[in-house]
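Report on one structure; see the data block that follows.
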Amino acid sequence: MPGYRSRRDVEGDGPEDQRKLFIGGISYTTTEEGLRDFYEQYGTLVDCVVMRERSVIPGKKGRSRGFGFVTFEKIEQLDDAMKNRPHKIDGREVEPKRAVPLGDSDKPGAHLTTDKLYVTGLGGDNVQE
Numbered sequence: 273m274p275g276y277r278s279r280r281d282v283e284g285d286g287p288e289d290q291r292k293l294f295i296g297g298i299s300y301t302t303t304e305e306g307l308r309d310f311y312e313q314y315g316t317l318v319d320c321v322v323m324r325e326r327s328v329i330p331g332k333k334g335r336s337r338g339f340g341f342v343t344f345e346k347i348e349q350l351d352d353a354m355k356n357r358p359h360k361i362d363g364r365e366v367e368p369k370r371a372v373p374l375g376d377s378d379k380p381g382a383h384l385t386t387d388k389l390y391v392t393g394l395g396g397d398n399v400q401e
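So for the sequence shown, this note's numbering puts the first residue at 273; every next one is plus one.
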């Protein structure tokens, strides 16, 4: 599979939690391959998973839980994916967010996303772009 290497093959550039993207609202029919095919346009993936319910039948995959994760090789690739929202996979608009480690999910501001940054005190010789 072009553009895909297992976690054992490459560690990546930067901490994994800064390269990992949560993908919410995926179709129950979306597979790891479909998720991988979509997100490879932004860069090399080191991991891709669709979360599934536990199956009571040995050897059978459970039903999709409607979300998954992709981990990019580089932080810049995740940034590129986030800049190019909205994402539509298998005919459904999904909700990508930067993944938050379980231990940090209860901290204030952990789930916030922003497209704007307020900067003050730069001096008079800066030009607005």
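Ideal Cβ placement from N, Cα and C applies to all residues, glycine included.
The beta strand (DSSP E) enclosing residue i, as first and last residue numbers
| i | result |
| --- | --- |
| E367 | 364-370 |
| I295 | 292-296 |
| K360 | 359-361 |
Residue i vs residue j beta-carbon contact at 7 Å
| i | j | result |
| --- | --- | --- |
| T316 | D362 | no |
| M257 | F339 | Residue 257 is absent from the model: the chain starts at 273 and stops at 401. |
| P373 | L293 | no |
| R291 | F344 | yes |
| E325 | G334 | yes |
| V241 | G306 | Outside the displayed range of the chain (273 to 401) lies residue 241, so it cannot be described from this structure. |
| Y311 | D352 | no |
| D285 | K360 | no |
| S299 | R357 | no |
Reduced DSSP secondary structure (H/G/I, E/B, other) of residue i
| i | result |
| --- | --- |
| G284 | coil |
| G338 | strand |
| G315 | coil |
| G375 | helix |
Enclosing alpha helix (DSSP H) for residue i [first to last residue]
| i | result |
| --- | --- |
| I308 | Here the sequence assigns Arg to residue 308, which means Ile is not the residue at that position. Run containing R308: 304-311, per the alpha helix (DSSP H) assignment. |
| L350 | 347-355 |
For residue j and residue i, believed in contact at Cβ under 8 Å, the rounded distance
| i | j | result |
| --- | --- | --- |
| E304 | V318 | The Cβ separation is near 13 Å, so there is no contact. |
| A371 | D289 | 6 Å |
C-beta neighbour in chain B for residue i, strict 7 Å
| i | result |
| --- | --- |
| D285 | The displayed structure is made up of one protein chain only, and chain B is not part of it. |
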